[in-house]
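Take a look at the structure set out below.
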Amino acid sequence: MTVRRSIQGMDGPEPLARALRDAQYIADEGLATAAYLALALGKPLLLEGAPGVGKTEAAKAIASVLGRELVRLQCYEGIDAAAAMYEWNFPRQMLAIRQAGDDYVNLYADDFLIARPILRALEAPRDRVLLIDEIDRADHEFEAFLLEFLSDFTVSIPERGTIRAAEPPVVVLTSNRTRELHEALRRRCVYHWIGYPDPALEAQIVMMRASTVAQDTAQRVVRAVGALRAEPLAKPPGVAETVEWAEAATLLNAQGVPWPRAFARAIGVALKDQEDLDYIVPRLDAILGAA
Ligand SMILES: Nc1ncnc2c1ncn2[C@@H]1O[C@H](COP(=O)(O)OP(=O)(O)OP(=O)(O)O)[C@@H](O)[C@H]1O
Ligand SMILES: [Mg+2]
């Protein structure tokens with residue numbers, strides 16, 4: 001296999017993991033390896049995982065260590081190629097026609113072209129990282145379109161011709177796995193499933209992201225969140241919730257609410273689903289006692 005891209009001194013998963021940590025992101029060996037391989041082989045990185053496990057943040061950190069701008073394409077139901085690639089600024093074209101009177105107007109000049117994330121990434125692949133976020137929210141048609149784009153990295157504008165990337169841009173795709181993605185799309189990418197971090201790692205993340213939180217509070221919140229995730233919840237807390245719960249409880253504790261009461265009082269930061277709360281609140285003392 002040929003290594004198509006040298007990654008600015010980050011020669012291997014460990015150096016990359018160190019650089020990511022400097023960018024405030026803690027990657028375990030699996031994620032660091034997948035990210036390294038995707039970058040070195042010039043392939044898109046596909047990250048799947050539950051909500052709040054750090055998928056979007058991973059893409060931001062990768063852009064940051066490469067010193068590139070992150071261009072984000074947020075997917076949603078009904079998203080189409082125009083929203084992803086480019087659109088013509090119709091009101092502006094109309095205005096130009098009106099102002100020009102009898103003069104000729106080139107309606108397909110740069111002035112009228114609105115570049116959307118995919119075109120922006122293609123135009124400057126060395127300066128930008130393309131994040132295609134939550135691709136599972138888009139429909140199958142859009143996925144097929146993306147597959148085509150990820151095969152040849154071109155955008156064809158009928159009025160202008162085909163724009164080809166000077167080199168394959170760095171692309172990160174994320175999915176919450178609300179549905180299966182096409183086999184063909186997966187095959188194009190380096191794939192990594194981001195699970196919940198192990199307790200030691202999650203405590204490190206809490207300490208890194210919430211500077212006010214003491215180490216024993218971080219460890220305790222991580223144990224409590226681990227216990228919550230073992231319960232049959234509709235929306236188990238992600239890493240973001242762990243960080244916020246630790247911060248919120250620390251704040252209440254500073255105002256005189258004792259431990260572990262402070263965790264219980266701040267539970268609305270960790271769980272945001274009424275049925276989950278109804279189920280957990282009566283059990284919370286036991287969960288916190290064990291944590
Ligand atoms: N490995 C990590 N290192 C540092 N911070 C992390 C890590 N994982 C998660 N976080 C924290 O959790 C927050 C949520 O992460 P992020 O938004 O990337 O989750 P996500 O997987 O994209 O979730 P969603 O599916 O809801 O979009 C981040 O803002 C960050 O504070
Ligand atoms: Mg996200």
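Reading the sequence shown from the start, the letters are residues 1 to 291 in the UniProt record's numbering.
The beta carbon of each residue, even a glycine, is placed where N, CA and C say it ideally should be.
Look at I205: its beta carbon is less than 8 Å from one of the heavy atoms in ligand 1. Under DSSP, the beta-bridge partners assigned to D133 are Q74.
For A17 and Y76, the gap between their C-alpha atoms comes out near 31 Å. No heavy atom of ligand 2 is found nearer than 8 Å to the CB of K235. Beta-bridge annotation (DSSP): T174 is paired with L47. Taking the Cβ atoms as the reference, V172 lies roughly 13 Å from L20, outside the contact range of under 8 Å.
Taking non-hydrogen atoms of ligand 2 into account, the C-beta of D136 is found less than 8 Å away from none of them. In this structure the region 200-218 does not touch the region 229-238; the number of beta carbon pairs closer than 8 Å is below three.
A Cβ-Cβ distance of about 6 Å is found for the pair L31 and I194, placing them in contact under the 8 Å criterion. Per DSSP, the continuous alpha helix (DSSP H) segment holding S151 begins and ends at 140-152. Shown in chain order are the residues whose CB sits closer than 5 Å to a heavy atom of ligand 1: Y25, I26, P51, G52, V53, G54, K55, T56, E57, N176, I205, R209, V239, A240. Between A109 and the set R98, R126, N89, the nearest pair of CA atoms involves N89.
Closer than 8 Å to some heavy atom of ligand 2: that describes the Cβ of T174. For the pair V257 and T242, the CB atoms are not nearer than the 9 Å cut-off.
The shortest C-alpha to C-alpha distance from V213 to any of P197, C189, T154, W245 is the one to W245.
Taking a C-beta distance under 9 Å as the contact criterion, I97 and L107 qualify as a contact pair.
The Cβ atoms of A165 and L122 lie closer than 9 Å to each other.
Residue environment analysis places D276 among the buried positions, since at least 16 neighbouring C-beta atoms fall within 10 angstroms of its C-beta.
A266 has its alpha-carbon roughly 11 Å from the corresponding atom of K272. If you check the CB distance, V129 and V71 come in under 9 Å. The Cβ-Cβ distance between V269 and L45 does not fall below 9 Å. Per DSSP, the unbroken beta strand (DSSP E) holding T162 starts and ends at 161-164. Contact annotation: P197 and D28 have beta-carbon atoms nearer than 9 Å. Nearest in C-alpha terms to P282, of all of T250, L228, A248, A249, is L228.
Counting along the chain, the unbroken alpha helix (DSSP H) around A270 starts and ends at 267-270.
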